[in-house]
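A short worksheet on the structure shown next.
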Amino acid sequence: MNILALDTCTEMCSVAILKNGELFEQSLLTQRGHSEKILGMLDEILSQADCGLADMDCIAFGRGPGSFTGVRVGVSVAQGIAFASKLPVVPVSTLAAVAQRAIDEHGANYIAVAMDARMQEVYSATYQSVDGLAELTGEERVCLPELICLDNDSSFFAAGSGWKEYETSMTTKFSGQIHGMDNQLLPTAAAIAKLAVKQIENGHTLAAEQAMPVYLRDNVAKKKGEQ
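First residue of the sequence shown? That's 578 in our numbering, and the numbers climb one at a time after it.
This is the structure we're talking about:
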């Protein structure tokens, strides 16, 4: 199975290829210019993996939440490639990708992901490791940092930029439940590719035209619809 993955939802612009189990990846921290940078990175990763789009079985992409512009860029690029190559797509949550990194890099079992959503809010969700893969245990939501939902009977590994941006208020409220933290974790295409494998194996792929962004914040989605 060969998967081309990409993510532009945050300041981490990244691409990856999972080629018969071998991972090739490239990431770049950048505040802007994702649409220009991602195309060059895709060319480079295909060259690095010594393959072409014709060798791919699927396009996986970060479907949000994240930066409005970044989410839109990622969906558009994934759709464009999928249409041109006649390939299916697999949308993957950026929150799940952060949780997957916590599992892979820290051995976390229960993960509380919080990504900075600006406007004094966070995108949040909780996950558990099931056979080494991040599995959603609640719901994805946007909320005030102190209102994220954690199971009172569980302890969590805290992951994501929200835990850095709102560290004082969040760690104070959830101090008894947080055991370990990495507030530098951002979603990557490599994590997205890994999560996409199970979806593909379960037949959960979509046609290119069905690729949709997930913003979580209703007013942002509304503004896009009004454009």
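Glycine residues also receive a C-beta, built at the ideal position from the N, C-alpha and C atoms.
Here T745 is exposed, its C-beta having fewer than 16 other C-beta atoms within 10 Å.
C-alpha of K596 to C-alpha of S644: approximately 29 Å in a straight line.
Closest option to S653, judged by alpha-carbon separation, among E613, Q697, N729, S701: E613. Classified as exposed, S731 has fewer than 16 neighbouring CB atoms from the shown chains inside 10 Å of its CB. The three-state reading of DSSP puts A593 in strand, counting E and B together.
Per DSSP, F660 lies in no beta strand (DSSP E); the unbroken alpha helix (DSSP H) holding it starts and ends at 645 to 662. In the DSSP assignment, L581 is bridged to I594, I636. For the region 686 to 722, there is no continuous alpha helix (DSSP H) assignment of 4+ residues that stays within its boundaries. Rounded to the nearest whole angstrom, the CA to CA distance from M789 to S624 is 28 Å. Excluding its 5 nearest sequence neighbours in each direction, V719 has C-beta neighbours in its own chain below 6 Å: A694, E698, Y700, L793, R794, listed in chain order. Under the three-pair Cβ rule at 8 Å, the region 650 to 665 does not count as touching the region 702 to 709. Within the same chain, and ignoring the five residues on either side of L606 in sequence, the residues whose Cβ sits closer than 8 Å to its Cβ are E588, M589, C590.
Counting along the chain, the unbroken alpha helix (DSSP H) around V675 starts and ends at 671 to 683. The DSSP-derived three-state label of M758 is strand. Here the C-alpha atom of L600 lies approximately 10 Å from the C-alpha atom of L581. The continuous beta strand (DSSP E) containing E599 extends over residues 599 to 606. Per DSSP, A768 is one residue of the alpha helix (DSSP H) stretching across 766 to 778. Assigned with DSSP and collapsed to three states, L623 falls in helix.
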